[in-house]
Amino acid sequence: MTKQYRLTRTLILGLTLSLFLAGCSSITVNYDYDTTTNFAQYRTYKWAPDPSSPTMAQNANQASQRSGLLSNRIKIAVDNVLATKGLTLSDGDTDLMVVFHVGTQEKIQVTDWGYRYSDYYWGYGGRQMDVYQYQEGQMIIDLVEENGHNLVWRGTGKGVVDQSTRSPEEMQARINDVVAQILANYPPPLP
Numbered sequence: 802m803t804k805q806y807r808l809t810r811t812l813i814l815g816l817t818l819s820l821f822l823a824g825c826s827s828i829t830v831n832y833d834y835d836t837t838t839n840f841a842q843y844r845t846y847k848w849a850p851d852p853s854s855p856t857m858a859q860n861a862n863q864a865s866q867r868s869g870l871l872s873n874r875i876k877i878a879v880d881n882v883l884a885t886k887g888l889t890l891s892d893g894d895t896d897l898m899v900v901f902h903v904g905t906q907e908k909i910q911v912t913d914w915g916y917r918y919s920d921y922y923w924g925y926g927g928r929q930m931d932v933y934q935y936q937e938g939q940m941i942i943d944l945v946e947e948n949g950h951n952l953v954w955r956g957t958g959k960g961v962v963d964q965s966t967r968s969p970e971e972m973q974a975r976i977n978d979v980v981a982q983i984l985a986n987y988p989p990p991l992p
């Protein structure tokens, strides 16, 4: 094995591993905003009243989405990110209200690999398919003008929900990461 071959193989393995690890926790992020808004004018925000209650949930999925623990973790993460962007949390009159929404949806991914020709030759031909069932989670963070109730900025994040058991600290770290990715594009770039 030549030195060049080992170096190339090591680089390829390193890149593959880094892409795999990045893919495990990746989410798809989008954002939209009112292009006529001057975001530099916003200095303060408060949380919109939370109308949902875990006791009003009709099933386990709704109860997990309306968890007070989850709401608190999201609020902590949003507060931390908005503070780095120059916004201050306030109880009185504010420039913005923050609203968030979370939800999950069962998804199925089917990969059709086509016919297996080696089996077909021996008389056992058929299609090879892989079916992967997973839960996709979505988080939406809205920034709304308090005085006019106009939505001025919306960020969304979607990704596969990790079903593994996590400690409260690990859950907070994951939520911090997701919120940071969603709010990375606030404020939007100046025209």
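According to our numbering, the residues represented by the sequence shown are 802 to 992, in order. Glycine included, each C-beta is placed from N, C-alpha and C at the ideal position. It should be emphasised that the depicted structure is a prediction, and the values quoted were computed from it without experimental measurement.
How many angstroms separate the CA atom of Gln929 from the CA atom of Gln910? 14 Å
Does the Cβ of Tyr933 have 16 or more other Cβ atoms within 10 Å, making it buried, or fewer, making it exposed? exposed
Under the assumption that Gln973 contacts Ile828 (Cβ atoms under 8 Å), give the Cβ distance between them as a whole number of angstroms. Their Cβ separation, rounded to whole angstroms, is 16 Å, which puts Gln973 and Ile828 out of contact at 8 Å.
Restricting to runs no shorter than 3 residues, where is the beta strand (DSSP E) found entirely within the stretch 877–962? 897–916, 928–946 and 952–961
Quick check on Asn831: does DSSP put it in helix, strand or coil? strand
Give the C-beta separation of Gly958 and Ile983 to the nearest angstrom, bearing in mind that I take them to be a contact with Cβ-Cβ under 8 Å. 5 Å
Starting from Thr845, follow its DSSP beta bridges and name the residues at the other end. Thr889
Taking only the alpha-carbon atoms, compute the straight-line gap between Val903 and Ile942 and give it to the nearest angstrom. 9 Å
For Leu870, count neighbouring Cβ atoms within 10 angstroms of its own Cβ and tell me buried if that reaches 16, exposed if not. exposed
Mind checking Gly956: buried by the 16 CB within 10 Å criterion, or exposed? buried
In terms of residues, what are the limits of the alpha helix (DSSP H) holding Asn839? Premise fails: Asn839 is in no alpha helix (DSSP H) and is neither H nor E.
Between the Cα of Val899 and the Cα atoms of Pro988, Leu991 and Glu946, which residue gives the shortest distance? Glu946
How many Å lie between Gln936 and Glu907 at the Cα? 5 Å
Have a look at Met940 and Arg874 and give me their C-alpha separation to the nearest angstrom. 13 Å
For my contact list, Thr782 and Val953 are in at a C-beta cut-off of 8 Å; report their separation, rounded to the angstrom. The structure shown does not extend to residue 782, since the chain is modelled only from 802 to 992, so the question has no answer here.
Classify Leu888 as buried or exposed, calling it buried when 16 or more other Cβ atoms lie within 10 Å of its own Cβ. buried
With Asp896 and Arg844 assumed to form a contact (beta carbons below 8 Å), what rounded beta-carbon distance in angstroms separates them? 6 Å
For Val879 and Val980, believed in contact at Cβ under 8 Å, the rounded distance: 6 Å
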